[in-house]
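> For the sequence shown, our numbering assigns the number 3 to the initial residue and increments by one for each residue that follows. Where a beta carbon is used, it is the ideal one built from N, C-alpha and C, also for glycine.
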Amino acid sequence: MHKSLLGRVATHSKSVWSRSNGQSAAVPATARYLEVKVNGDNAQVEINPLKAYKCEAPSTWVNTTRQEVVDSLRLMMLMRRMEISADLMYKSQLIKGFCHLYDGQEAVAIGMEMGCTKKDSIVTSYRDHGWQLSRGENPKRILAELTGRSGGCTKGKGGSMHMYLSANNFWGGNGIVGAQVPLGAGLAFAAKYKSNKGIARGVAPCSAVAFALYGDGAANQGQVFEAVNMAYLWKLPVIFVIENNQYAMGTSIARGASNAEFYTRYDPLPGLKVDGMDAFSVKAATAAARKHCMDGLGPFVLEMNTYRYHGHSMSDPGLTYRSRDEVSNVRKERDPIDKLKRITMQLGFLDEGAIKEMEKSVRAEVDEAVEFAKTSPEPALAEMYTEVFTHAQPYVRGTDGVYGQGYCSWAPHGTP
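1) Closest to Thr62 by CA distance: which of Leu75, Arg76, Glu37 and Ala206 is it?
2) Assuming Phe191 is part of the beta strand (DSSP E), what are its boundary residues?
3) Name the DSSP beta bridge partners of Tyr216, please?
4) Going by beta carbon distance, what residues of the same chain come within less than 6 Å of Ile124, once the five residues before and after it are set aside?
5) Between Arg310 and the rest of its own chain, which residues show a CB-CB distance below 7 Å, the 5 nearest in sequence each way excluded?
6) Leaving out the 5 sequence neighbours to the left and right, which residues in its chain are closer than 7 Å to Arg151 when beta-carbon positions are compared?
7) Can you tell me where the alpha helix (DSSP H) holding Leu145 begins and where it ends?
8) Would you kindly work out how many angstroms separate the C-alpha atoms of Glu85 and Ala202, rounded to a whole number?
9) Does the beta-carbon distance from Gln134 to Pro184 come in below 9 Å?
10) Do you know how far the Cα of Met306 is from the Cα of Asn222?
11) Who pairs with Trp63 in a beta bridge, going by DSSP?
12) Pairs of beta-carbons, one from the region 163–171 and one from the region 129–143, closer than 8 Å: are there three or more?
13) Among Lys343, Ser315 and Thr346, which residue has its Cα nearest to the Cα of Tyr128?
14) If I follow the unbroken beta strand (DSSP E) through Gly273, where does it start and stop?
15) Determine the DSSP secondary structure at Ser168, reduced to helix, strand or coil.
16) Could you check if Phe1 is buried or exposed, using at least 16 other CB atoms within 10 Å of its CB as the buried criterion?
17) Three-state secondary structure (DSSP) at Val390?
18) Hey, is the region 266–275 in contact with the region 86–106, meaning 3+ C-beta pairs nearer than 8 Å?
19) In terms of residues, what are the limits of the beta strand (DSSP E) holding Val179?
20) Are there three or more Cβ pairs, one per stretch, closer than 8 Å when the region 296–306 is compared with the region 192–211?
21) In whole angstroms, give me the CA-to-CA distance for Lys343 and Leu321.
22) Quick check on DSSP: helix, strand or coil for Gly224?
23) Count the other CB atoms, across all protein chains shown, that sit within 10 Å of the CB of Val276; report buried if there are 16 or more and exposed otherwise.
24) Quick check: Ala109 and Lys341, are their CB atoms within less than 9 Å of each other?
25) Consult DSSP for Tyr309 and reduce its assignment to one of helix, strand or coil.
26) Relative to the C-alpha of Val230, which residue among Lys358, Gly186, Gly160 and Ala290 is closest?
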């Protein structure tokens, strides 16, 4: 239902979190009218107020453009379709090993990309396929990496948990829970150092920031608190982003966190609690946190209240600690792609027919990527010896016959 009034469209938006057997952390349902304002190709989208801790919440009006909205919607669709295809490929045993899917959480990645630039560094956990895509990679190379093929984004040598795109400052998925957080602090140290041409103590503006993403389970890690402490003392431009998908590996936050208000737990750092299923709320929070850091005021915390549709990994059905009805209700009430579709139509930037055409083109692109991933050749065995060191070495110790593994004609030889 909508009503046009002086360039505004009033829309009914209802936000609901369901509770399963008292396990999940429920967020109170709210019902209110949200609006959009349109002026040609420019627009503003209203968001629900963000919860703030030791800082001011950003405006409830978020600026955007036709190009940003349309591009963001397509990228979210592409991300979802790619992850669903990865699910099917895994079940067909084309993808093996660990595989953690991002469907349901797309608004976090897309909203953050709307609020920052490719000059800003991002480091995340093993749930990284979506981030590789949002940072500028194409689905062909991502799915080929998942199948361990030479056409993959790390030549088939990294797999699901170790994607990486240094050209756009994506410093990877990381396979150890929480281990990326100190790396994020280090990336922020580098940003501050480069911005000020040396070590700058205390408040010092920076030209870029770093985002360290981790989940609600990793938020309890000791190394997280150590990184937060050092970042505060050194006023590093790092934004600690908790992707709170409610269940860690399978334990609800109600049972696993003494303080489930994650945006407040790293005192004295300021923080915002964000609807991580709404790309524009994420954009507003990201922009506010980024400005805080670029002004040299030190680290910031963002808690993205989101939800994963799949289990923790492909080996987890995801229904032993939550009900099927709970997952279905979140899909129905809060799906981030459905919400962005509605906003796009309310803004008048695309109609229903154009969105269907977009979905069709996304399906075709991902189908082509799946075929590429299936047919791309496996890496040559000699690739095991490449990129071990920054500079090529005449000899790399390994299965080359010297240490009892038998002679391998494909291995590089030299003097040990």
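Checking against the coordinates, here is how it stands:
1) Glu37
2) Per DSSP, Phe191 belongs to no beta strand (DSSP E); it is in the alpha helix (DSSP H), Gln182 to Ser197.
3) Ile244
4) Phe172 and Phe213
5) Gly106, Gln107 and Asn247
6) Gly158, Ala375, Ser378, Pro379 and Glu380
7) Pro141 to Leu148
8) 42 Å
9) no
10) 16 Å
11) Glu48
12) yes
13) Ser315
14) Gly273 to Asp277
15) helix
16) Outside the shown range of the chain (3 to 418) lies residue 1, about which nothing can therefore be said.
17) coil
18) no
19) Counting along the chain, Val179 falls outside any beta strand (DSSP E), and DSSP gives it neither H nor E.
20) yes
21) 28 Å
22) helix
23) buried
24) yes
25) coil
26) Gly186
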